[in-house]
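K.L.:
Mapped onto my numbering, the consecutive letters of the sequence shown carry residue numbers 1 to 321.
Glycine residues also receive a C-beta, built at the ideal position from the N, C-alpha and C atoms.
Below is the structure I would like to discuss, written out as structure tokens.
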Amino acid sequence: MATAVLVLVVGLGILAWGASHFVDGSASAARHLGVPPLLIGMVIIGFGTSLPELAVSTLSASQGQPDLALGNAFGSNIANMALILGLSALLMPLTMNSRALRGETAVLAAVTALSALLALDGKVSRPDAWILLGALAAATLRNVRTGLRIRRDELARETAERLQQGRMPLGRSLFWTAVGLVAVLGGSRLIVRGATEIARSMGLGELVIGLTIVAVGTSLPELAAAVSAVWKREDDLVLGNVLGSNLINTTAVVAVAAAFRPLAVAPEVLARDLPVMGGLTLFLVAMTFLVPGKGRIGRSMGVTLVLVYAGYVLLLLKTTG
């Protein structure tokens, strides 16, 4: 048990380090290649921070552990929206100023609804995986068009400032991109091994481990990016990071894992985890479009989100005995 915990912790550390360098390197390289800052903020950073979830879920599915793969994807989404946004809002109230992000919120809601519909039959099959990848392609194309069309946007300004601060030569950018990718792949292998052993030792299902320990662990890059952005008062980078990461988790992470081996969706996922993920996504939609002072998450709402996450974890433990 102690060895498994050590393996998991070391794997999480390597993965978080690798993801951070991958994001920095790939974003810097994209800027050297002339990619607009808004496009980097909406697509590249979101993909980079979701690379840990993609690596862990793909590896676990390929090794015959579909519960760990699905739990990691859905659990990371829940952690991003409740825990990470909640903690960020406690440090500094968040306001969505970017027009581009408002549209991405609606896209995330549509994709979440699609993934729930595909899971209602109790599995995510290979045809379902192609549908999710098609949805991701459509969402990415929309983001590319938005990034190329909109020139003045708060997310673009914040991304450009962040890229200027972390500026590095193209060669170094490519080097850290490659090193980060290798570290993420190595760390994910250790995480799957450690999480599997812990689940067996504690008598917990791989689904629960994936929804909690692994999900929070693979969300460490999002948490680190959020804390850094909060201290620099970059609200839209915090929100854009969560939206982009959840979009990738809901589509690519689930789809690539299902392409290796169709994923069985347990009844408790349909009755418990999908409703929580869907409810949090609807909260983001309401925050963006419906409620007074739209686009703002204050400290009181941050407390509520953190309590929601704590309640969700307690519900997980209760329903799994």
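#1: Give me, in chain order, the residues of the same chain whose beta-carbon lies closer than 7 Å to that of Gly103; leave out the 5 immediate sequence neighbours on both sides.
#2: Please confirm if the stretch 44 to 52 is in contact with the stretch 244 to 256, defined as three or more CB-CB distances below 8 Å between the two stretches.
#3: For the alpha helix (DSSP H) containing Asn72, list its first residue and its last residue.
#4: Please report the distance separating the alpha-carbon of Ser219 from that of Phe22.
#5: Quick one: what's got a C-beta closer than 6 Å to Ala404's C-beta in the same chain, skipping five residues either side?
#6: Taking the straight line between their C-alpha atoms, what separation do you get for Ala179 and Ala29?
#7: So Glu268 packs on Thr304, CB below 8 Å; how close in whole Å?
#8: So what does Thr95 bridge to, in DSSP terms?
#9: Keeping to the same chain, check which residues put their C-beta closer than 6 Å to that of Leu68; ignore five residues upstream and five downstream.
#10: With a Cβ-Cβ cutoff of 8 Å, do Asp235 and Thr140 count as a contact?
#11: In the DSSP assignment, what are the bridge partners of Val253?
#12: With distance defined between alpha-carbon atoms, name the residue in Gly18, Ile213 and Leu114 nearest to Ile131.
#13: For Lys318, which of helix, strand or coil comes out of DSSP?
#14: Which residues mark the beginning and the end of the alpha helix (DSSP H) in which Glu234 is found?
#15: Roughly how many whole angstroms lie between the Cα atoms of Arg233 and Gly302?
#16: Nearest-angstrom Cα distance between Ala258 and Leu15?
#17: With the cut-off set at 8 Å, would you say Arg142 and Val107 are in Cβ contact?
#18: Rounding to the nearest angstrom, what Cα-Cα distance links Gly240 and Gln65 in this structure?
#19: Give the single residue among Val9, Thr58, Gly25 and His32 whose Cα lies nearest to the Cα of Leu185.
#20: Is Phe260 buried or exposed, if buried means 16 or more other CB atoms sit within 10 Å of its CB?
#21: What residue does the alpha helix (DSSP H) around Thr146 start on, and which one ends it?
#22: Going by DSSP, what residue range makes up the alpha helix (DSSP H) through Gln324?
#23: Quick check: Gly194 and Ala4, are their CB atoms within less than 8 Å of each other?
#24: Rounding to the nearest angstrom, what Cα-Cα distance links Leu190 and Ser98 in this structure?
#25: The alpha helix (DSSP H) spanning Asp24 covers which residue range?
#26: May I ask you to report which of helix, strand or coil DSSP gives Leu263?
#27: Can you tell me whether Phe289 is buried or exposed, with buried defined as 16 or more other CB within 10 angstroms of its CB?
#28: Enumerate in chain order the residues of its own chain whose CB-to-CB distance from Leu70 is below 6 Å, with the five nearest sequence positions on each side excluded.
#29: Using CA coordinates, which residue listed in Leu90, Gly217 and Ala266 is at the minimum distance from Gly18?
#30: Going by DSSP, what residue range makes up the alpha helix (DSSP H) through Pro275?
#31: Apply the 10 Å Cβ neighbour rule to Gly279 and answer buried if 16 or more other Cβ atoms are within range, or exposed otherwise.
#32: Between Met277 and Asn77, is the Cβ-Cβ spacing less than 8 Å?
P.N.:
According to the data block:
#1: For the purposes of this step, residue 103 is identified with residue 103 of the sequence shown, where counting begins at 1. Thr146, listed in sequence order.
#2: For the pair of segments examined, the stretch 44 to 52 was found to touch the stretch 244 to 256: the number of CB pairs separated by less than 8 Å reaches three.
#3: Residue numbering aside, residue 72 sits at position 72 when the sequence shown is read from its first letter. Here the alpha helix (DSSP H) through Asn72 covers Pro66 to Ile78.
#4: As a first step, residue 219 is located in the sequence shown; it is residue number 219 there, counting from the start. As a first step, residue 22 is located in the sequence shown; it is residue number 22 there, counting from the start. Going by the C-alpha atoms only, they are around 15 Å apart.
#5: Any property of residue 404 remains undetermined from this structure, which presents the chain solely from 1 to 321.
#6: Locating residue 179 in the sequence shown gives position 179, counting from the first residue. Locating residue 29 in the sequence shown gives position 29, counting from the first residue. The question names Ala, yet the displayed sequence has Val at residue 179. About 14 Å.
#7: In the sequence shown, counting from the first residue as 1, residue 268 sits at position 268. In the sequence shown, counting from the first residue as 1, residue 304 sits at position 304. The pair is not a contact, with the Cβ atoms about 24 Å apart (cut-off 8 Å).
#8: Taking the first residue of the sequence shown as 1, we reach residue 95 at position 95. DSSP output for Thr95 lists Arg296 as bridge partner(s).
#9: If you number the sequence shown from 1, residue 68 lands on position 68. Counting only Cβ-Cβ distances below 6 Å, and skipping sequence neighbours, we find Ser60, Glu206 and Gly210.
#10: Walking along the sequence shown from the start, residue 235 turns up at place 235. Walking along the sequence shown from the start, residue 140 turns up at place 140. Judged by beta-carbon spacing, Thr140 lies beyond the 8 Å limit of Asp235, meaning their Cβ atoms are not closer than that value.
#11: Residue numbering aside, residue 253 sits at position 253 when the sequence shown is read from its first letter. Paired residue(s): none; Val253 is not in a bridge.
#12: Here residue 131 refers to the residue found at position 131 of the sequence shown. Residue nearest to Ile131 within the set Gly18, Ile213 and Leu114 is Leu114 (criterion: CA-CA distance).
#13: Residue mapping note: residue 318 aligns to position 318 of the sequence shown, counting from 1. In the structure shown, Lys318 sits in a helix (DSSP, three-state: H, G or I).
#14: Within the sequence shown, the letter at position 234 stands for residue 234. Following the DSSP letters along the chain, one finds Glu234 in no alpha helix (DSSP H), marked with neither H nor E.
#15: As a position in the sequence shown, residue 233 is number 233, starting the count at 1. As a position in the sequence shown, residue 302 is number 302, starting the count at 1. Cα to Cα, the separation comes out at about 16 Å.
#16: Taking the sequence shown and counting its residues from 1, one reaches residue 258 at position 258. Taking the sequence shown and counting its residues from 1, one reaches residue 15 at position 15. For Ala258 and Leu15, the distance between alpha carbons rounds to 22 Å.
#17: Counted from its first residue, the sequence shown places residue 142 at position 142. Counted from its first residue, the sequence shown places residue 107 at position 107. Going by C-beta atoms, Arg142 is nearer than 8 Å to Val107.
#18: Here the question's residue 240 lines up with position 240 in the sequence shown. Here the question's residue 65 lines up with position 65 in the sequence shown. So the two alpha carbons sit approximately 31 Å from each other.
#19: As a working mapping, residue 185 is identified with position 185 in the sequence shown. Sorting Val9, Thr58, Gly25 and His32 by C-alpha distance to the C-alpha of Leu185 places Thr58 at the top.
#20: Counting from one through the sequence shown, the residue named residue 260 turns up at place 260. Here Phe260 is buried: its Cβ has 16 or more other Cβ atoms, across all protein chains shown, within 10 Å.
#21: Here residue 146 refers to the residue found at position 146 when the sequence shown is read from its first residue. Residues Arg126 to Arg149.
#22: Outside the shown range of the chain, which is 1 to 321, sits residue 324, and nothing can be said about it.
#23: Within the sequence shown, numbered from 1, the residue matching residue 194 stands at position 194. Within the sequence shown, numbered from 1, the residue matching residue 4 stands at position 4. Result yes, Cβ atoms of Gly194 and Ala4 sit closer than 8 Å.
#24: If you number the sequence shown from 1, residue 190 lands on position 190. If you number the sequence shown from 1, residue 98 lands on position 98. Their backbone Cα atoms lie some 38 Å apart in a straight line.
#25: Within the sequence shown, the letter at position 24 stands for residue 24. In the DSSP annotation of this structure, the continuous segment of the alpha helix (DSSP H) that includes Asp24 starts and ends at Ala2 to His32.
#26: Working through the sequence shown from its first residue, we reach residue 263 at position 263. It is a strand residue.
#27: As a working mapping, residue 289 is identified with position 289 in the sequence shown. When all chains shown are included, Phe289 counts as exposed.
#28: By 1-based counting over the sequence shown, the position of residue 70 is 70. Residues Leu263 of the same chain have their beta carbon placed closer than 6 Å to that of Leu70, with the five preceding and five following residues left out of the count.
#29: Looking up residue 18 in the sequence shown gives position 18. When only C-alpha atoms are compared, the closest one is Gly217.
#30: By one-based count along the sequence shown, residue 275 stands at place 275. Pro275 -> alpha helix (DSSP H) spans Leu274 to Phe289.
#31: Position 279 of the sequence shown holds residue 279. The residue in question, Gly279, is exposed, as its Cβ has fewer than 16 Cβ neighbours within 10 Å.
#32: For the purposes of this step, residue 277 is identified with residue 277 of the sequence shown, where counting begins at 1. For the purposes of this step, residue 77 is identified with residue 77 of the sequence shown, where counting begins at 1. Cβ distance < 8 Å, so Met277 and Asn77 count as in contact.
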